[in-house]
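Residue numbers (UniProt numbering), protein chains in the order written: chain F, 1 to 188; chain Y, 1 to 358. Heads up, the beta-carbon is just placed ideally off N, CA and C, and yes, glycines get one too. Note sheet for the following structure.
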Ligand SMILES: [Zn+2]
Ligand SMILES: [Zn+2]
């Protein structure tokens with residue numbers, strides 16, 4: 001089951017062939033991260049059928065709590081624009097984010113500021129989610145915060161949640177705290 | 001359960017160096033909203049001796065569930081009143097639907113087929129009673145105009161609302177930090193940046209940990225002054241994601257927090273936040289216990305970045321159109337989020353305003 005958060009209408013997730021391909025790729029990334037003891041979030045930024053950014057959570061190594069996978073992926077797109085002499089505003093307006101977990105409020109706001117048109121994600125993020133769970137940043141009335149964007153959610157949601165549960169069980173022997181947080185791993 | 005607290009003492013120095021600005025707390029909606037009212041039936045108690053029996057019997061029949069803040073009985077306001085006390089019988093919604101909510105009933109309508117001795121009670125009348133327990137003194141004072149309530153006063157909130165939370169000395173420090181933020185904003189402007197400045201401070205030591213101007217007009221449009229400040233603090237602890245060699249006005253202090261105890265980091269919050277969780281996980285919640293000064297209200301991205309970083313307090317100059325700490329959202333008090341922080345606005349308001357009038 002899926003929904004279009006920005007429109008508020010429940011609708012079955014009917015990914016295009018491209019969306020399906022990129023979400024599969026994002027899930028592979030998340031699985032790899034889990035195997036390496038990292039936060040199992042897969043995140044891709046795709047422009048013109050090309051991956052320009054694939055972020056992983058870098059909170060620990062940077063000691064910067066804002067270095068979520070999405071922010072890292074955004075920086076990779078910026079770097080690509082810089083290398084290729086492209087105007088980042090034009091690129092972001094045609095870039096789609098594929099991510100296994102709903103972006104948090106901060107990342108959703110960043111995506112909105114960059115005027116990204118579409119975010120496709122897997123499971124909800126009940127603790128921090130900015131695309132409908134805690135706040136609905138893509139749809140809210142914010143004249144000075146970029147553009148509203150569309151969300152498609154629910155892609156392999158159970159699987160995305162399971163990976164997070166597995167990760168937080170490893171992290172916290174006392175059990176899963178209901179955390180669907182995009183945070184750093186303590187493991188090196 | 002006291003109604004009027006003891007006249008609270010002014011701990012802070014009273015002599016005032018005139019500041020042209022005030023520190024205004026940005027409280028949660030529950031703390032800043034108007035008092036909501038419910039309509040109830042009350043009745044005079046004609047014979048004072050019947051009071052305790054009446055309270056017991058009426059409460060058994062019509063418990064005020066969820067309204068424990070309401071005093072069941074109040075003394076009559078007018079000294080000349082023929083009866084000394086009045087009692088809440090029940091909410092109108094307990095006995096009626098909305099269509100005829102405003103009509104007065106008689107005692108027999110309320111107690112007709114029930115086992116209650118109405119002797120000593122006068123005829124019912126309608127009153128407005130506060131729907132929620134008052135959380136601040138202004139709410140308490142407004143609520144009390146309608147019907148007496150209990151009030152568990154949070155002294156820090158009261159002091160914040162009356163401008164007494166911070167001493168002259170503390171306000172002088174705030175001014176120093178905000179002046180630095182304004183100066184830095186201007187340095188950023190020389191580099192073609194938006195006029196926003198931010199300073200991150202450790203209030204335990206008065207140490208300035210990071211100073212930043214906005215860098216969003218650089219190659220990275222997300223480098224708002226607050227995001228820069230957070231990253232500079234990370235640099236100060238051996239981390240960081242960006243370099244600022246082109247922006248010499250963006251600086252940080254190298255620090256070692258290993259000697260800090262949890263107690264030092266957990267300052268008292270006016271919103272009574274439990275911050276014990278912050279450090280035990282070992283995750284880099286690097287702004288725990290720190291204060292941020294920023295010339296204008298942060299956007300929602302920056303406000304949430306401060307949640308992730310576990311900031312202690314934010315002081316800003318002026319509101320922003322899409323601001324997330326009072327204007328469009330109150331991210332710092334959002335009940336679904338796992339970290340809350342205190343926010344104050346109005347610091348050097350005029351000077352901060354002038355930055356954006358340029
Ligand atoms: Zn995020
Ligand atoms: Zn911002």
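Buried or exposed for residue 328 (chain Y), going by 16 or more other Cβ atoms inside 10 Å?
Position 328 of the second chain, counted from the first residue, corresponds to residue 328 (chain Y). Counting Cβ neighbours within 10 Å, residue 328 (chain Y) comes out buried, since at least 16 surround it.
Any C-beta of chain F under 8 Å from that of residue 227 (chain Y)
Within the second chain, residue 227 (chain Y) is the residue found at index 227, counting from 1. Output row for residue 227 (chain Y): interface = yes.
Leaving out the 5 sequence neighbours to the left and right, which residues in its chain are closer than 7 Å to residue 236 (chain Y) when beta-carbon positions are compared?
What you label residue 236 (chain Y) is simply residue 236 of the second chain in a count that begins at 1. In the same chain as residue 236 (chain Y), and ignoring 5 residues on each side of it, the C-beta atoms closer than 7 Å to its own belong to 209, 210, 252, 253, 254 and 255, in chain order.
When the Cα atoms are used, what is the spatial distance from residue 351 (chain Y) to residue 298 (chain Y)?
On the second chain, position 351 is the one that residue 351 (chain Y) refers to. On the second chain, position 298 is the one that residue 298 (chain Y) refers to. One alpha carbon belongs to residue 351 (chain Y), the other to residue 298 (chain Y), and they sit about 17 Å apart.
CB of residue 192 (chain F) to nearest heavy atom of ligand 1: below 7 Å?
Any property of residue 192 (chain F) remains undetermined from this structure, which presents chain F solely from 1 to 188.
As an exercise, report each continuous beta strand (DSSP E) stretch of at least 3 residues that is fully enclosed by the segment 67-145 of chain F, in chain order.
95-101 and 118-123, all fully within the segment 67-145 of chain F.
Residue 193 (chain Y) to residue 227 (chain Y), Cα distance in whole Å?
Residue mapping note: residue 193 (chain Y) aligns to position 193 of the second chain, counting from 1. Residue mapping note: residue 227 (chain Y) aligns to position 227 of the second chain, counting from 1. When rounded, the distance between both Cα atoms is 14 Å.
Using 8 Å as the cut-off, can you tell me whether the segment 34-45 of chain F makes contact with the segment 127-145 of chain F, which would need three or more C-beta pairs spanning the two stretches below that distance?
As far as the Cβ criterion goes, the segment 34-45 of chain F does not touch the segment 127-145 of chain F, which means the pair count is below three.
Burial state of residue 263 (chain Y), where buried means 16 or more other Cβ atoms lie within 10 Å:
On the second chain, position 263 is the one that residue 263 (chain Y) refers to. Only weak support is given to the placement of residue 263 (chain Y): the predicted model assigns it a pLDDT of 32, under 50, and the value that follows is read from those uncertain coordinates. Exposed, because fewer than 16 other Cβ atoms sit within 10 Å of the Cβ of residue 263 (chain Y).
Taking 8 Å as the threshold, find out whether the segment 44-63 of chain F comes into contact with the segment 173-181 of chain Y through three or more Cβ pairs.
Judged by Cβ distances under 8 Å, the segment 44-63 of chain F makes no contact with the segment 173-181 of chain Y, as fewer than three pairs qualify.
Using a 10 Å radius around the Cβ and a threshold of 16 neighbouring Cβ atoms, would you call residue 270 (chain Y) buried or exposed?
As a working mapping, residue 270 (chain Y) is identified with position 270 in the second chain. Residue placement at residue 270 (chain Y) cannot be trusted, given a pLDDT of 38 that sits under 50; the coordinates are not used to answer.
Applying a beta-carbon distance threshold of less than 7 Å, which residues of chain Y neighbour residue 137 (chain F)?
The residue you call residue 137 (chain F) lines up with position 137 of the first chain. Within 7 Å Cβ-Cβ: 300.
Exercise answer, beta-carbon shell around ligand 2 heavy atoms below 7 Å
Every residue passing the under-7 Å Cβ criterion appears here: Y:224, Y:226, Y:227, Y:298, Y:299, Y:301 and Y:302.
According to DSSP, is residue 213 (chain Y) helix, strand or coil?
Along the second chain, one-based indexing puts residue 213 (chain Y) at 213. If DSSP states are grouped into helix, strand and coil, residue 213 (chain Y) belongs with the strands.
Give the secondary structure of residue 27 (chain Y) by DSSP, where H, G and I count as helix, E and B as strand, and everything else as coil.
Residue numbering aside, residue 27 (chain Y) sits at position 27 when the second chain is read from its first letter. If DSSP states are grouped into helix, strand and coil, residue 27 (chain Y) belongs with coil.
Is there a Cβ from chain F that is less than 8 Å from the Cβ of residue 220 (chain Y)?
Working through the second chain from its first residue, we reach residue 220 (chain Y) at position 220. The beta carbon of residue 220 (chain Y) falls within 8 Å of a beta carbon belonging to chain F, placing the residue at that interface.
Candidates Y:200, Y:37, Y:156 and Y:107, of which the one nearest residue 148 (chain Y) by Cα
The sequence position of residue 148 (chain Y) within the second chain is 148, counting from 1. Per the Cα distances, Y:37.
Counting only the same chain and skipping the five closest in sequence on each side, list residues whose C-beta sits under 7 Å from that of residue 17 (chain F).
Numbered from its first residue, the first chain carries residue 17 (chain F) at position 17. The answer is none, since no qualifying residue turns up.
Under the rule that 16 or more other beta-carbon atoms within 10 Å means buried, what is residue 77 (chain Y), buried or exposed?
For the purposes of this step, residue 77 (chain Y) is identified with residue 77 of the second chain, where counting begins at 1. Burial call: exposed.
Over what stretch of residues does the alpha helix (DSSP H) that includes residue 138 (chain Y) continue unbroken?
Looking up residue 138 (chain Y) in the second chain gives position 138. Boundaries of the alpha helix (DSSP H) around residue 138 (chain Y): 137-144.
Taking the continuous beta strand (DSSP E) assigned at residue 165 (chain Y), which residues delimit it?
Here residue 165 (chain Y) refers to the residue found at position 165 of the second chain. From DSSP, residue 165 (chain Y) is part of no beta strand (DSSP E); its letter is neither H nor E.
Considering just the uninterrupted stretch of the alpha helix (DSSP H) at residue 164 (chain F), what are its terminal residues?
If you number the first chain from 1, residue 164 (chain F) lands on position 164. 157-171 is the extent of the alpha helix (DSSP H) around residue 164 (chain F).
Length at least 3, wholly inside the segment 192-240 of chain Y: the beta strand (DSSP E) runs in chain order
Whole beta strand (DSSP E) segments, 3+ residues: 197-202 and 207-213.
In or out: residue 83 (chain F) buried (at least 16 other Cβ within 10 Å) or exposed?
One-based indexing of the first chain puts residue 83 (chain F) at position 83. By the neighbour-count rule (16 or more Cβ atoms within 10 Å), residue 83 (chain F) is not buried but exposed.
Kindly list the residues whose CB is nearer than 6 Å to the CB of residue 310 (chain Y), restricted to its own chain and excluding five residues on each side of it in sequence; keep chain order.
As a position in the second chain, residue 310 (chain Y) is number 310, starting the count at 1. So the qualifying residues of the chain are 278, 285, 287, 288 and 339.
Counting only beta-carbon atoms, is residue 308 (chain Y) nearer than 8 Å to chain F?
Here residue 308 (chain Y) refers to the residue found at position 308 of the second chain. So, interface residue.
So, does the CB of residue 338 (chain Y) fall closer than 8 Å to a CB anywhere in chain F?
Mapped onto the second chain, residue 338 (chain Y) falls at position 338. Residue-level contact check: residue 338 (chain Y) touches chain F, since one or more beta carbons of chain F fall below 8 Å from its beta carbon.
If we ignore side chains and look at the alpha-carbon of each, how far apart do residue 130 (chain F) and residue 174 (chain Y) end up?
By 1-based counting over the first chain, the position of residue 130 (chain F) is 130. By 1-based counting over the second chain, the position of residue 174 (chain Y) is 174. Distance between the alpha carbons of residue 130 (chain F) and residue 174 (chain Y) is about 32 Å.
Against chain Y, with Cβ distances strictly below 8 Å, would residue 66 (chain F) count as a contact?
By one-based count along the first chain, residue 66 (chain F) stands at place 66. For residue 66 (chain F), a Cβ of chain Y is located within less than 8 Å of the residue's own Cβ.
Using 8 Å for Cβ pairs, my map puts residue 151 (chain F) next to residue 138 (chain F). What's the rounded Cβ distance?
The count along the first chain starts at 1 and reaches residue 151 (chain F) at position 151. The count along the first chain starts at 1 and reaches residue 138 (chain F) at position 138. Contact holds; Cβ gap of about 6 Å.
Under the three-state reduction of DSSP, which class applies to residue 27 (chain F): helix, strand or coil?
The sequence position of residue 27 (chain F) within the first chain is 27, counting from 1. The answer is helix: DSSP assigns residue 27 (chain F) an H, G or I state.
State yes or no: is the C-beta of residue 151 (chain F) nearer than 7 Å to some heavy atom of ligand 1?
One-based indexing of the first chain puts residue 151 (chain F) at position 151. When distances are taken from the beta-carbon of residue 151 (chain F) to the heavy atoms of ligand 1, even the shortest one reaches 7 Å or more.
Listed by chain order, chain F residues near residue 45 (chain Y) by CB distance under 8 Å
What you label residue 45 (chain Y) is simply residue 45 of the second chain in a count that begins at 1. Listed along the chain, the chain F residues whose CB falls inside 8 Å of the CB of residue 45 (chain Y) amount to none; the nearest CB is some 49 Å away.
In angstroms, rounded to a whole number, what distance separates the CA positions of residue 115 (chain F) and residue 121 (chain F)?
Position 115 of the first chain holds residue 115 (chain F). Position 121 of the first chain holds residue 121 (chain F). So the two alpha carbons sit approximately 17 Å from each other.
Sequence-distant residues of the same chain with beta carbon closer than 7 Å to residue 120 (chain Y), five excluded per side
Start at 1 with the first residue of the second chain, and residue 120 (chain Y) comes out as number 120. These residues qualify, in order along the chain: 45, 46, 47, 50 and 54.
For residue 45 (chain Y), the residue or residues it bridges with in DSSP
One-based indexing of the second chain puts residue 45 (chain Y) at position 45. According to DSSP, residue 45 (chain Y) bridges with Y:85 and Y:121.
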